[in-house]
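Contents: one structure, followed by commentary.
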Amino acid sequence: MMLEVKDLKVKYGNIEALHGLSFNIDRGEIVTLIGSNGAGKTSTLLSLSRLPQPDAPKVIEGDILFDGESILGTEPHLLVQNQMMVLVPEGRHIFGNLSVMENLELASYPVRNDTQFIGETKDQIFSLFPRLYERRKQRSESLSGGEQQMLAVGRALMTGCKFIMLDEPSMGLAPVLMYEMFRALKELNKKGITILVVEQNAKVALDFASRGYVLDTGEIIAEGTSEELSANKDVQKAYLGG
Amino acid sequence: MFSTLLQNLFNALQWGSFYSMIALGYCLVYGVLRLINFAHGDIFMMACYFAFFIASWFLGNLAGMPGPIIFGLTMILTMVATSGLGLFIERVAYRPLRKKGAHRLYVVITALMLGFILENGNLAVLGASSRRFPDMFGKIVFQFAGVSLTNYKIIVIVTAVLAFALLNLIVNSTKIGMAMRAVSYDKFAIPLMGIPLNRIITFTFILGSSLAAVAGILFGMSYPVLDPYMGMIIGWKAFIAAVVGGIGDIKGAFLGGFILGFIEIIVVAFFPSSYKDLIAFVILLVILSVKPTGFFGVAKSTKI
Chain A
8 MMLEVKDLKV
18 KYGNIEALHG
28 LSFNIDRGEI
38 VTLIGSNGAG
48 KTSTLLSLSR
58 LPQPDAPKVI
68 EGDILFDGES
78 ILGTEPHLLV
88 QNQMMVLVPE
98 GRHIFGNLSV
108 MENLELASYP
118 VRNDTQFIGE
128 TKDQIFSLFP
138 RLYERRKQRS
148 ESLSGGEQQM
158 LAVGRALMTG
168 CKFIMLDEPS
178 MGLAPVLMYE
188 MFRALKELNK
198 KGITILVVEQ
208 NAKVALDFAS
218 RGYVLDTGEI
228 IAEGTSEELS
238 ANKDVQKAYL
248 GG
Chain B
29 MFSTLLQNLF
39 NALQWGSFYS
49 MIALGYCLVY
59 GVLRLINFAH
69 GDIFMMACYF
79 AFFIASWFLG
89 NLAGMPGPII
99 FGLTMILTMV
109 ATSGLGLFIE
119 RVAYRPLRKK
129 GAHRLYVVIT
139 ALMLGFILEN
149 GNLAVLGASS
159 RRFPDMFGKI
169 VFQFAGVSLT
179 NYKIIVIVTA
189 VLAFALLNLI
199 VNSTKIGMAM
209 RAVSYDKFAI
219 PLMGIPLNRI
229 ITFTFILGSS
239 LAAVAGILFG
249 MSYPVLDPYM
259 GMIIGWKAFI
269 AAVVGGIGDI
279 KGAFLGGFIL
289 GFIEIIVVAF
299 FPSSYKDLIA
309 FVILLVILSV
319 KPTGFFGVAK
329 STKI
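Following this line, the structure appears as structure tokens:
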């Protein structure tokens, strides 16, 4: 197992957001966490990213293991610097006052001495998302939502991490752009990137991922392959519109 | 008439230089931490004292050295000492609060208290008597067209402009400057790029404190009487200057300092000098009420 989450309980202040979550991900997989608004999807990813409070909730019980070792005490930037995992956060959080190119350069900090990797990754990003190349000198604030999402994914790739977590990459995107985004992610997965994606749009997520977990008010209520979950009557009723 | 104007222009530029260099320190820290570092005026005061002790030591022990060399050495050592103080404050006061996710109100209160601690600590250690800043190299007075200009005034203005040019270069053309700009826009995402936020904050405090150090030496040379409360008023004024210029932008803070310098000198030229602060601040208030984001400020959170 690359990532193993064991009985994770987290709190925001006094409010428990996750009540004992367990799931795991292997290298090379695409896994999805689906669930409605407030189910705890974002809390899960923020806990995994180890961001400090109040940006992320506080872990009060359980453990998060990466390659068998606990990362509970690891500082967030070290997770990325050591090429373990990187989060593409909800709302993208691009640096709007920097150009597209500057955003990518900043994200290459963990691999700053590997100019070959940086060059190749930039090429890869621009071939995946040609729009970003067209806008590379533009202030990234001026990009459309879809382009900003592309940039956020591009930044994650620049860090050199081989495990990428995405929080609602489809949010606010027109359907065409959304499918383009998932196609790009699938392509990255074929090149060896492991993906954990959190989605409200369960149908799209299950089409994309090979395996999934269904999250409801801080607990996992169903898990299985995408086919199993898509066939599950309860999941259909609650998340796939009957 | 013309010579009076020119004379006032130089005075305004000199005071503007002091305000600007201090205002930049407020601006930098605000940019990365969204914290108004109210201790900054007292960091400037401490810089004056550091410079006083360092320069006095050099003049006592390296007698015969040319003034400019002593000035240069004093400058470097004062920058180091003041940066050390700035970093110490960051480490023991601000960082623990940040780690606990404290509300910004507590952080601002902490900054205010630190200012008082520096003032009163200085008073306790060095006593109430004010000190005279040593003369590192002779004051030369130039007279032309009825205007009297000292070499000190020229050094102040030139140094302030050079310091700003250098800072501008760092912020806009280096990797760490890029990271600072990124932090000012979105602090949340910085660790997600693998970048240690604390390193950028440390660097920012070094820059801000170094500018306060430069201002401290130049101020001490120009107005050589030091006392523990000297940083309070000038610090507040510089802070106001930064806000009027647009605290989110180093250009704004820099020009804000000069705007304040000019307003003060103009007021003094036409009114009794006891009206100076009254009228100057009324003018600043009017400016702010017309443009609450400051001259160069933008409503959106594009800062630094």
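Chains as they are written, first to last, in the working numbering: chain A, 8 to 249; chain B, 29 to 332. Just so it is clear, CB atoms sit at the ideal spot from N, CA and C, and this is done for glycine as well. None of the values given here were measured: they were computed from a predicted structure.
(request) Could you check the C-alpha separation between Ser250/B and Asp277/B for me, to the nearest Å? (result) Ser250/B and Asp277/B have their alpha carbons spaced roughly 28 Å apart.
(request) Would you tell me roughly how many angstroms separate the C-alpha atoms of Ala181/A and Ile41/A, rounded to the nearest one? (result) Whole-angstrom Cα-Cα distance: 20 Å.
(message) Can you give me the C-alpha to C-alpha distance between Lys18/A and Phe30/A, rounded to a whole angstrom?
(response) Between Lys18/A and Phe30/A, the C-alpha separation is close to 18 Å.
(message) I need the straight-line Cα distance from Lys215/B to Gln123/A, nearest angstrom please.
(response) Rounded to the nearest angstrom, the gap between the Cα atoms of Lys215/B and Gln123/A is 28 Å.
(request) Using a Cβ-Cβ cut-off of less than 8 Å, list which residues of the segment 204 to 215 of chain B approach chain A; keep chain order. (result) Residues passing the 8 Å Cβ filter: Met206, Ala207, Arg209, Ala210, Ser212, Tyr213, Asp214.
(message) Once the 5 residues before and after Gly244/B are set aside, which same chain residues still bring their CB inside 6 Å of it?
(response) For Gly244/B, where only same-chain residues beyond five positions count, the Cβ hits under 6 Å are Phe72, Ala75, Cys76, Ala79.
(message) Looking at the secondary structure, which residues open and close the alpha helix (DSSP H) in which Leu142/B lies?
(response) DSSP places Leu142/B in the uninterrupted alpha helix (DSSP H) bounded by 132 to 154.
(request) To the nearest angstrom, report how far apart Met165/A and Arg190/A are at their CA atoms. (result) When the Cα atoms are used, Met165/A and Arg190/A turn out to be separated by approximately 19 Å.
(message) So Phe124/A contacts chain B; which residues on that side make the cut at Cβ distance below 7 Å?
(response) Around Phe124/A, no beta-carbon contact reaches into chain B at under 7 Å, the shortest distance being about 14 Å.
(message) Tell me the rounded alpha-carbon separation between Asp333/B and Arg159/B.
(response) The structure shown has nothing for residue 333/B, since chain B only spans 29 to 332.
(message) Just to make sure I have the definition right: I need the residues of chain B whose C-beta is within less than 8 Å of the C-beta of Leu105/A. Which are they?
(response) Ordered by position in chain B, the residues that pass the 8 Å Cβ test against Leu105/A are Met206, Arg209, Ala210, Tyr213.
(request) Report the partner residues of Ala229/A according to the DSSP bridge assignment. (result) BP columns for Ala229/A point to Val221/A.
(message) So, with DSSP's three-state summary, where would you put Met172/A?
(response) Under the three-state reduction of DSSP, Met172/A is assigned to strand.
(request) Could you have a look at Thr230/B and say whether DSSP puts it in helix, strand or coil? (result) In the three-state DSSP reduction, Thr230/B falls in the helix class (H, G or I).
(request) Write down every uninterrupted run of the alpha helix (DSSP H) in the segment 178 to 221 of chain B whose length is 4 residues or greater and which is fully enclosed by it, in chain order. (result) Segments of the alpha helix (DSSP H) lying fully in the segment 178 to 221 of chain B: 179 to 201, 203 to 213.
(request) For the alpha helix (DSSP H) containing Phe172/B, list its first residue and its last residue. (result) For Phe172/B, there is no enclosing alpha helix (DSSP H); the residue is found in the beta strand (DSSP E) stretching over 169 to 172.
(request) Using a Cβ-Cβ cut-off of 8 Å, state whether Gly88/A counts as contacting chain B. (result) The residue you asked about is not Gly; residue 88/A is Gln in the sequence shown. Taking Cβ atoms only, chain B reaches closer than 8 Å to Gln88/A, which makes this a yes.
(request) Taking 8 Å as the cut-off, decide whether the C-beta atoms of Thr49/A and Ala212/A are in contact. (result) Cβ atoms of Thr49/A and Ala212/A: not closer than 8 Å.
(request) Could you work out which residues of chain B lie near Gln145/A, taking near to mean beta carbons separated by less than 9 Å? (result) Within chain B, no residue comes near Gln145/A; the closest Cβ sits about 14 Å away, beyond 9 Å.
(message) If I measure Cβ to Cβ from Tyr47/B and keep anything under 7 Å in the same chain, skipping five residues before and after, which residues do I get?
(response) If the five residues before and after Tyr47/B are omitted, its C-beta is found closer than 7 Å to the C-beta atoms of Lys265, Ala266, Ala269, Gly285, Leu288, Gly289, all from its own chain and listed in chain order.
(request) Answer yes or no: do Ile98/B and Leu90/B have a C-beta to C-beta separation smaller than 8 Å? (result) Against a cut-off of 8 Å, the Cβ pair of Leu90/B and Ile98/B comes out as a contact.
(request) Could you check if Phe247/B is buried or exposed, using at least 16 other CB atoms within 10 Å of its CB as the buried criterion? (result) By the 10 Å Cβ count, Phe247/B comes out buried.
(message) By the 8 Å beta-carbon criterion, what residues does the segment 218 to 238 of chain B contribute toward chain A?
(response) Contact annotation: in the segment 218 to 238 of chain B, residues whose CB is within less than 8 Å of a CB in chain A are Ile218, Pro219, Leu220, Met221, Gly222, Ile223, Pro224, Leu225.
(message) With a threshold of 8 Å on Cβ separation, who are the neighbours of Met108/A within its own chain once the five nearest residues in sequence on each side are excluded?
(response) Here the set comprises Arg143, Lys144.
(request) Pull out every residue of the segment 290 to 311 of chain B whose Cβ sits closer than 8 Å to any Cβ of chain A, in chain order. (result) Within the segment 290 to 311 of chain B, no residue has a Cβ that lies closer than 8 Å to any Cβ of chain A.
(request) Compare the C-beta of Arg162/A against all C-beta atoms of chain B and say whether one is closer than 8 Å. (result) For Arg162/A, the nearest beta carbon of chain B is closer than 8 Å to its own beta carbon.
(request) Would you identify the three-state DSSP class for Ile332/B, choosing helix, strand or coil? (result) Below a pLDDT of 50, predicted positions are generally treated as unreliable, and Ile332/B, at 43, falls in that range; no measurement from the model is reported.
(message) Under 8 Å, Cβ to Cβ, is there at least one residue of chain E near Phe102/A?
(response) As a matter of chain content, chain E is missing from the structure shown, whose protein chains are A and B.
(message) Suppose the cutoff is 7 Å on Cβ atoms and the five residues either side in sequence are ignored; what does the same chain contact list for Trp85/B look like?
(response) Around Trp85/B: no qualifying Cβ.
(message) Quick check: what's the CA-CA separation for Lys167/B versus Val271/B?
(response) Taking the CA atoms as reference points, Lys167/B sits about 34 Å from Val271/B.
(request) Determine, using beta-carbon pairs with one atom in the segment 43 to 58 of chain B and one in the segment 171 to 191 of chain B, whether at least three such pairs fall under 8 Å. (result) Contact between the segment 43 to 58 of chain B and the segment 171 to 191 of chain B is present, with at least three C-beta pairs closer than 8 Å.
(request) Identify whether Ser48/B lies in helix, strand or coil by the three-state DSSP scheme. (result) Of the three classes helix, strand and coil, the one that applies to Ser48/B here is helix, per DSSP.
(message) Within a Cβ cutoff of 8 Å, which residues of the same chain sit near Leu79/A, ignoring the five residues on either side of it in sequence?
(response) Arg57, Val66, Asp70, Ile71.
(request) Within its chain, find whatever has a CB closer than 8 Å to the CB of Lys193/A; leave out the 5 residues flanking it on each side and keep chain order. (result) Ile37, Phe215, listed in sequence order.
(message) Which residue marks the beginning of the alpha helix (DSSP H) containing Val160/A, and which one marks its end?
(response) Residues 152 to 165.
(request) Step through the CB atoms of chain A and report whether any lies within less than 8 Å of the CB of Gly129/B. (result) Yes, its Cβ sits closer than 8 Å to a Cβ of chain A.
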